[in-house]
Structures are given as structure tokens and as C-alpha cells.
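S.K.: Same order as they appear, the protein sequences are chains D and F. Residue 39 in this note's numbering sits at position 39 of the first sequence; the count goes up by one each step and never skips. Residue 11 in this note's numbering sits at position 11 of the second sequence; the count goes up by one each step and never skips. Would you mind keeping the following structure in view while I ask a few things?
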Amino acid sequence: DTEVTQTPKHLVMGMTNKKSLKCEQHMGHRAMYWYKQKAKKPPELMFVYSYEKLSINESVPSRFSPECPNSSLLNLHLHALQPEDSALYLCASSQGEASGSKSEAFFGQGTRLTVV
Amino acid sequence: GEDVEQSLFLSVREGDSSVINCTYTDSSSTYLYWYKQEPGAGLQLLTYIFSNMDMKQDQRLTVLLNKKDKHLSLRIADTQTGDSAIYFCAERGYIPTFGRGTSLIVHP
Chain D
1 DTEVTQTPKH
11 LVMGMTNKKS
21 LKCEQHMGHR
31 AMYWYKQKAK
41 KPPELMFVYS
51 YEKLSINESV
61 PSRFSPECPN
71 SSLLNLHLHA
81 LQPEDSALYL
91 CASSQGEASG
101 SKSEAFFGQG
111 TRLTVV
Chain F
1 GEDVEQSLFL
11 SVREGDSSVI
21 NCTYTDSSST
31 YLYWYKQEPG
41 AGLQLLTYIF
51 SNMDMKQDQR
61 LTVLLNKKDK
71 HLSLRIADTQ
81 TGDSAIYFCA
91 ERGYIPTFGR
101 GTSLIVHP
């Protein structure tokens with residue numbers, strides 16, 4: 001099983017709403033990632049969790065709040081988003097985040113988020 | 001910092017070969033990857049190559065690596081309309097770093 005599952009697939013939310021994106025993997029991977037991807041652009045890293053601890057936050061605004069309840073789950077809590085936050089949000093996982101290892105990252109299908 | 005460059009577009013005729021090129025700057029990258037993204041979908045890992053290899057072949061896909069020039073290419077033989085997608089090369093340093101992506105358009 002090399003699957004990373006993201007829910008929901010699509011989400012429309014107002015600027016005052018609170019919502020959460022969910023990501024799940026059962027490959028025993030210890031590193032999990034959130035990326036944001038705008039149309040026709042490469043994915044941009046937002047957060048990295050390693051062994052359930054936040055290891056990288058790429059200066060992401062606090063209206064995005066990640067959470068890693070256990071080694072298989074990664075959430076992204078959203079609050080007071082702006083229309084420019086509309087994008088495809090991708091979750092990925094890998095065996096580890098160490099450089100030099102064959103830790104290819106497997107991606108989910110993403111959540112298409114629209115903020116109105 | 002790391003930087004990965006790709007040409008933005010490639011248009012080929014069905015049945016021809018496609019070659020997508022990528023250059024990277026981080027010489028410490030041990031593995032380099034190619035991902036495919038179809039419209040509205042996530043990223044699908046296509047193949048990878050270890051940095052001590054020059055070439056890797058996997059069915060219709062051939063990856064060539066010139067480590068001296070930090071140049072990576074993906075050749076797709078007998079390109080099909082289903083191969084139309086955006087192709088990202090990525091280097092695996094501390095975190096995956098992606099190129100801008102090459103849009104492959106396959107004409108019947």
C-alpha cells in the first residue's frame with residue numbers, strides 16, 4: 001500500500017469559517033508534509049512533521065495550524081482564511097526526512113480549497 | 001540554496017519520443033525524482049535515480065543523469081495522449097525541492 005489519502009477532495013469555505021483538512025497513510029512513514037500548490041506552479045512546502053513533531057514551518061501564517069495526532073495522521077486546521085489561500089493542498093509522506101536516504105515522498109490527491 | 005530548473009512546455013506528436021530536461025544545483029542530492037501531475041490530481045511518483053547512476057530504464061521511461069553538469073532528463077518512448085500532464089523533477093535534499101514543472105502536450 002503506497003497510498004496517502006486526503007479528505008475532503010474539495011472544500012469551499014467562507015473567510016470566517018473553521019475547517020480541517022485530513023491526511024492519512026499506513027506505510028509506516030515517519031515524515032509527513034503539507035504543501036500548497038497554486039495553478040501552474042510547483043508545490044510549495046508549508047510544514048514538515050518528523051516522528052510526530054513539527055520540524056519545519058516555512059513561515060506559514062498562523063491561520064494555518066498543523067497537527068499530527070499520531071504517526072499515521074496529519075491534519076491542517078484552517079481559520080479566517082483569505083481568498084488568496086485558495087489552492088490545492090497536498091499531503092505527502094516519506095520513510096524519513098533525512099537527506100541522502102531513498103526517502104521518496106508519496107503524495108495524496110490533494111484537497112482543492114476555495115475560500116469565498 | 002537549492003534551485004531546480006525546467007523548461008515550461010513540450011509539445012510532441014503521439015508515438016514520438018518526449019524528452020523533458022531538468023537542471024539542479026544541490027550537488028549533495030543523493031536521489032532525484034520525476035513526478036507526474038494530471039489536471040486536478042496529486043503528484044504521482046514516476047521514477048527516481050540514485051546519484052551514482054548514469055541511466056535508469058523502466059518500461060517506456062528512461063532517466064539520464066549527468067552529475068557533472070547537474071542535468072537530469074526523462075525520456076518517454078512512444079508517447080501517448082495519456083502522457084499529457086505536468087512533469088516535475090525533484091531533488092531529495094533535506095526536503096523535496098521541485099522544479100517549476102514541464103507541461104507535456106501530446107497531439108494525436
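Backbone N, C-alpha and C fix where the C-beta goes; we use that ideal spot for every residue, glycine too.
State buried or exposed for Lys-36(F), treating a residue as buried only when at least 16 other CB atoms are found within 10 Å of its CB.
M.R.: Classification for Lys-36(F): buried.
S.K.: Does any residue of chain D bring its CB to less than 8 Å from the CB of Ile-151(F)?
M.R.: The structure shown does not extend to residue 151(F), since chain F is modelled only from 1 to 108, so the question has no answer here.
S.K.: Listing by chain order, which chain D residues have their CB less than 8 Å from the CB of Gly-82(F)?
M.R.: By Cβ distance, chain D contributes nothing, its closest Cβ being about 17 Å from Gly-82(F), past 8 Å.
S.K.: Where does Glu-91(F) fall in DSSP's three states?
M.R.: Here Glu-91(F) sits in strand by DSSP.
S.K.: Is any beta-carbon of chain D found at less than 8 Å from that of Arg-92(F)?
M.R.: Closer than 8 Å: yes.
S.K.: Where DSSP assigns a beta bridge to Ala-136(D), which residues make up the other side?
M.R.: Residue numbering for chain D in the displayed model covers 1 to 116; residue 136(D) lies beyond these limits and cannot be assessed.
S.K.: So who's on the other strand from Lys-53(D), going by DSSP bridges?
M.R.: Answer is Ser-50(D), bridged to Lys-53(D).
S.K.: Let me check understanding here. Comparing Cα to Cα, which of Val-115(D), Cys-91(D), Gln-95(D) and Val-12(D) lies closest to Leu-45(D)?
M.R.: When each option's Cα is compared against that of Leu-45(D), the closest is Cys-91(D).
S.K.: Go ahead and pull the three-state DSSP assignment for Arg-112(D).
M.R.: In this structure, Arg-112(D) counts as strand in the three-state DSSP scheme.
S.K.: Counting only Cβ-Cβ distances shorter than 9 Å, please list the residues of the region 40-51 of chain F near chain D, keeping chain order.
M.R.: Listed by position along the chain: Gly-40, Ala-41, Gly-42, Leu-43, Gln-44, Leu-45, Tyr-48 and Phe-50.
S.K.: Is the Cβ of Ile-105(F) closer than 8 Å to any Cβ of chain D?
M.R.: No, its Cβ sits nowhere closer than 8 Å to a Cβ of chain D.
S.K.: Does the distance from the C-beta atom of Pro-42(D) to that of Gly-99(F) stay below 8 Å?
M.R.: Yes, Cβ-Cβ distance for Pro-42(D) and Gly-99(F) is below 8 Å.
S.K.: By Cβ distance below 6 Å, which residues in the same chain neighbour Phe-9(F) in space, the five residues on each side in sequence not counted?
M.R.: Hits under 6 Å: Ser-103.
S.K.: Express the C-alpha separation of Lys-18(D) and Ile-76(F) in angstroms, rounding to a whole number.
M.R.: The alpha-carbon atoms of Ile-76(F) and Lys-18(D) are separated by roughly 44 Å.
S.K.: Can you name the residues of chain F whose CB is closer than 7 Å to the CB of Gln-109(D)?
M.R.: Going along chain F in sequence order, the residues near Gln-109(D) (Cβ under 7 Å) are Ala-41 and Gly-42.
S.K.: Assuming Asp-52(D) contacts Asn-70(D) (C-beta within less than 8 Å), just tell me the rounded distance between them.
M.R.: Correcting the residue type first, residue 52(D) is Glu in the shown sequence and not Asp. Right, their Cβ atoms sit about 7 Å apart.
S.K.: Closer than 8 Å between beta carbons: that is the criterion. Which residues of the region 17-36 of chain F meet it against chain D?
M.R.: Residues Ser-28, Thr-30, Tyr-31, Tyr-33 and Tyr-35.
S.K.: Please report the residue range of the beta strand (DSSP E) in which Arg-75(F) lies.
M.R.: Unbroken beta strand (DSSP E) run through Arg-75(F): 71-76.
S.K.: Quick one: measure Cβ to Cβ for Ser-11(F) and Thr-30(F), integer angstroms, because I've assumed they're closer than 8 Å.
M.R.: The Cβ separation is near 33 Å, so there is no contact.
S.K.: Would you verify that the beta carbon of Phe-98(F) is, or is not, closer than 8 Å to some beta carbon of chain D?
M.R.: With 8 Å as the cut-off, Phe-98(F) counts as an interface residue toward chain D.
S.K.: With a threshold of 8 Å between beta-carbons, can Phe-88(F) be considered close to chain D, or not?
M.R.: For Phe-88(F), the answer is yes, since a Cβ of chain D falls inside 8 Å of its Cβ.
S.K.: Identify which residue in Ala-85(F), Thr-62(F), Ser-28(F) and Thr-81(F) has its Cα closest to the Cα of Lys-40(D).
M.R.: Checked all of Ala-85(F), Thr-62(F), Ser-28(F) and Thr-81(F); the closest Cα to Lys-40(D) is Ala-85(F).
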